[in-house]
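Student: There's a structure below that I have some questions on.
In the working numbering, the protein residues as written are 53 to 315.
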């Protein structure tokens with residue numbers, strides 16, 4: 053099953069299967085995973101990167117997605133590529149002789165998912181190729197709101213509203229401030245018995261009342277049905293990938309309020 057996600061920003065890991073270069077790793081950013089792997093394997097003249105051109109074929113084995121903007125994803129990409137230059141990853145030791153490049157890059161990203169500010173983002177770690185899957189070390193388990201998923205993912209195009217009448221239908225009242233909230237800035241409770249809608253910023257402030265020093269919430273109580281909900285699940289529900297994660301639990305620059313996060 054291919055999961056479709058709206059507003060997709062992801063940072064991926066490529067693994068080279070060319071016998072001459074086998075085992076090499078490449079870290080990159082994309083808004084369209086399917087198109088990006090094709091570009092890498094087609095070569096630099098077709099949009100691939102200089103470091104991957106002529107060295108394929110490559111497989112996209114892992115992708116971290118759920119970033120709120122391309123800026124946030126690009127900062128994550130840079131830190132994953134340069135862990136020893138990032139002040140947030142000074143605790144990560146260099147690659148040992150016994151580690152493969154794949155193992156080292158997995159260890160780096162495992163540490164990143166435990167490190168601020170990334171440990172508060174509604175991210176998903178998705179293995180695209182089961183044969184490369186690795187488990188988190190006991191001491192490097194990610195926060196509970198960052199799930200591990202498996203299988204392909206596709207960037208879903210947003211469907212533009214056709215008329216003012218349709219736009220009016222997509223507008224509702226914010227449960228917290230009572231102002232009008234449009235589809236693009238709306239979060240909804242995913243519990244079937246709850247019809248709560250709110251502005252993203254209003255609900256974030258509501259959740260952060262107990263953590264005023266933070267920028268992003270992790271968990272909170274729905275102001276309507278009073279169920280405890282993870283912020284990440286609200287975001288995934290908005291972008292269309294919440295059902296996919298429920299199953300696995302059981303077995304161009306945009307301005308965004310989290311763009312102030314630094315690497």
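Here a beta-carbon is modelled for each residue, glycine too, at the ideal position from N, C-alpha and C. Just so we're clear, the structure is a prediction, and the values are computed from it rather than from any experiment.
1) Return helix, strand or coil for residue 117, following the three-state DSSP convention.
2) Could you tell me whether the region 109 to 128 touches the region 56 to 68, using the rule of 3 or more Cβ pairs below 8 Å?
3) Check for me: the beta strand (DSSP E) holding residue 249 runs from which residue to which?
4) Between the alpha carbons of residue 181 and residue 201, how many angstroms are there, rounded?
5) Report the option in 108, 229, 276 and 258 whose CA atom is closest to the CA atom of residue 244.
6) Thinking C-alpha only, which one of 291, 190, 261 and 253 is nearest residue 229?
7) Between which two residues does the beta strand (DSSP E) harbouring residue 81 extend?
8) Which value, in whole angstroms, describes the spacing of the CA atoms of residue 272 and residue 170?
9) Using the DSSP secondary-structure output, state which residues sit across from residue 202 in a beta bridge.
10) When you compare only the Cα positions, how much space is there between residue 150 and residue 237?
11) May I ask which residues mark the beginning and end of the beta strand (DSSP E) holding residue 55?
12) Could you check whether the region 185 to 202 touches the region 156 to 164, counting it as contact only if at least three pairs of C-beta atoms, one from each stretch, sit closer than 8 Å?
13) Could you check whether residue 292 and residue 86 sit closer than 8 Å to each other, using their CB atoms as the reference points?
14) I need the straight-line Cα distance from residue 83 to residue 205, nearest angstrom please.
15) Express the C-alpha separation of residue 106 and residue 223 in angstroms, rounding to a whole number.
16) Just to confirm my understanding: we take residue 216, look at its own chain, exclude 5 residues before and 5 after, and list those with CB closer than 8 Å. What are they?
17) First and last residue of the beta strand (DSSP E) that includes residue 238?
18) Going along the chain, which residues of its own chain have a beta-carbon closer than 7 Å to the beta-carbon of residue 172, five neighbours each way excluded?
19) Roughly how many angstroms separate the alpha carbons of residue 262 and residue 127, rounded to a whole number?
20) Use the C-beta contact count for residue 90: other C-beta atoms within 10 angstroms, 16 or more gives buried, fewer gives exposed.
21) Determine, using beta carbons only, whether residue 153 and residue 75 come nearer to each other than 8 Å.
22) With DSSP run on the structure shown, which of helix, strand or coil describes residue 234?
23) Among 203, 188 and 208, whose alpha-carbon lies nearest the alpha-carbon of residue 53?
24) I need the boundaries of the alpha helix (DSSP H) containing residue 268, first residue and last residue.
25) Check residue 142 in the structure and name its three-state DSSP category.
26) By the 10 Å Cβ neighbour count, where 16 or more other Cβ atoms means buried, how is residue 185 classified, buried or exposed?
Tutor: Looking at the atomic coordinates:
1) For this step, residue 117 is matched to residue 65 along the chain shown. Residue 117 falls in the strand class under three-state DSSP.
2) The region 109 to 128 and the region 56 to 68 touch, with no fewer than 3 CB-CB distances between them shorter than 8 Å.
3) Here the question's residue 249 lines up with position 197 in the chain shown. Residues 249 to 251.
4) Position 129 of the chain shown holds residue 181. Position 149 of the chain shown holds residue 201. Distance between the alpha carbons of residue 181 and residue 201: 11 Å.
5) To locate residue 244, count along the chain shown from 1; it is residue 192. Ranking 108, 229, 276 and 258 by Cα distance to residue 244 puts 276 first.
6) As a working mapping, residue 229 is identified with position 177 in the chain shown. Of all alpha-carbon atoms in 291, 190, 261 and 253, the one lying nearest the alpha-carbon of residue 229 is that of 253.
7) On the chain shown, position 29 is the one that residue 81 refers to. Here the beta strand (DSSP E) through residue 81 covers 77 to 82.
8) Sequence index remark: in the chain shown, residue 272 carries index 220 (1-based). Sequence index remark: in the chain shown, residue 170 carries index 118 (1-based). C-alpha separation (whole angstroms): 18 Å.
9) Residue mapping note: residue 202 aligns to position 150 of the chain shown, counting from 1. Bridge partners of residue 202: 179.
10) Numbered from 1 along the chain shown, position 98 holds the residue referred to as residue 150. Numbered from 1 along the chain shown, position 185 holds the residue referred to as residue 237. The alpha-carbon atoms of residue 150 and residue 237 are separated by roughly 48 Å.
11) What you label residue 55 is simply residue 3 of the chain shown in a count that begins at 1. Counting along the chain, the beta strand (DSSP E) containing residue 55 begins and ends at 55 to 58.
12) Yes, the region 185 to 202 is in contact with the region 156 to 164.
13) Taking the first residue of the chain shown as 1, we reach residue 86 at position 34. Taking the first residue of the chain shown as 1, we reach residue 292 at position 240. It is not a contact, given that the beta carbons lie outside the stated cut-off.
14) Counting from 1 along the chain shown, the entry for residue 83 is found at position 31. Counting from 1 along the chain shown, the entry for residue 205 is found at position 153. Each residue's Cα considered, the two are about 11 Å apart.
15) For the purposes of this step, residue 223 is identified with residue 171 of the chain shown, where counting begins at 1. For the purposes of this step, residue 106 is identified with residue 54 of the chain shown, where counting begins at 1. Between residue 223 and residue 106, the C-alpha separation is close to 50 Å.
16) Numbered from its first residue, the chain shown carries residue 216 at position 164. Low per-residue confidence applies at residue 216: pLDDT is 44, beneath 50, and the placement is therefore not dependable, though the value from the model is reported in the following sentence. For residue 216, where only same-chain residues beyond five positions count, there are no Cβ hits under 8 Å.
17) In the chain shown, the residue the question calls residue 238 occupies position 186. Judged by DSSP secondary structure, residue 238 falls within the beta strand (DSSP E) whose first and last residues are 238 to 240.
18) In the chain shown, the residue the question calls residue 172 occupies position 120. The answer, listed in chain order, is 266, 268 and 270.
19) Here residue 262 refers to the residue found at position 210 of the chain shown. Here residue 127 refers to the residue found at position 75 of the chain shown. Computed Cα separation, rounded: 28 Å.
20) Reading the chain shown from its first residue, position 38 is the one you call residue 90. Exposure of residue 90 is indicated by the presence of fewer than 16 other C-beta atoms within 10 angstroms of its C-beta.
21) Here residue 153 corresponds to residue number 101 of the chain shown, with the count starting at 1. Here residue 75 corresponds to residue number 23 of the chain shown, with the count starting at 1. Cβ distance < 8 Å, so residue 153 and residue 75 count as in contact.
22) For this step, residue 234 is matched to residue 182 along the chain shown. Coil at residue 234, not helix or strand.
23) As a position in the chain shown, residue 53 is number 1, starting the count at 1. Minimum Cα distance to residue 53 is reached at 203.
24) Position 216 of the chain shown, counting from 1, holds the residue named residue 268. If you look at residue 268, you'll find it isn't in any alpha helix (DSSP H); DSSP assigns it neither H nor E.
25) Mapped onto the chain shown, residue 142 falls at position 90. Looking at residue 142 - three-state DSSP - the assignment turns out to be coil, as it is neither helix nor strand.
26) The count along the chain shown starts at 1 and reaches residue 185 at position 133. Within a 10 Å sphere around the beta-carbon of residue 185 sit fewer than 16 other beta-carbons, which makes this residue exposed.
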